[in-house]
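Engineer: In terms of this note's numbering, the sequence shown has 53 at position 67, counting the first letter as 1, and numbering is strictly consecutive. Please read through the structure below; I'll follow up with questions.
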Amino acid sequence: MLKSISKKPVTYVGYTKNITNRIKLHNTGKGAKFTRGRKWRLVYKEKCATKNQAISREYYIKSNRNLRNYIKNNN
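If you want it as structure tokens, here you go:
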């Protein structure tokens, strides 16, 4: 999970094989459309064994607003 560096931070959840490169792309405006125009920092990550597990976990985190807010407010 990425958190924007701003007065009113927002979060972004996604999956990748190369987290360092992905954050770099988001911070240079070449990542997902939602991430453009903001600076991001990593606040939470998990390692999954398969791509399907990663996609499933991403969906769970995206749909669980209480978990997202807890992570956002405590990191």
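All C-beta atoms, glycine included, are put in the ideal place defined by N, C-alpha and C. The structure presented is a predicted model; accordingly, all values stated were derived computationally and were not measured.
Quick one: grab the DSSP three-state call for Arg22.
Structural biologist: Of the three classes helix, strand and coil, the one that applies to Arg22 here is coil, per DSSP.
Engineer: Taking 7 Å as the cut-off, does the CB of Lys16 come closer than this to any heavy atom belonging to the ligand COA?
Structural biologist: Of the ligands one can find in the structure shown there are none, so the ligand COA has no counterpart to examine.
Engineer: With 16 as the cutoff for other CB atoms within 10 Å, does Thr21 come out buried or exposed?
Structural biologist: Thr21 is buried by the Cβ-count criterion.
Engineer: Let me know if Arg27 comes out buried or exposed under the rule of 16 or more other beta-carbons within 10 Å of its beta-carbon.
Structural biologist: Counting Cβ neighbours within 10 Å, Arg27 comes out exposed, since fewer than 16 surround it.
Engineer: Which first and last residues belong to the beta strand (DSSP E) in which Lys(-11) is found?
Structural biologist: Counting along the chain, the beta strand (DSSP E) containing Lys(-11) begins and ends at Leu(-12) to Ser(-10).
Engineer: Drop a sphere of 10 angstroms on the beta-carbon of Ile47, count the other beta-carbons inside from all chains shown, and report buried for 16 or more, exposed for fewer.
Structural biologist: With 16 or more Cβ atoms within 10 Å of its Cβ, Ile47 is classed as buried.
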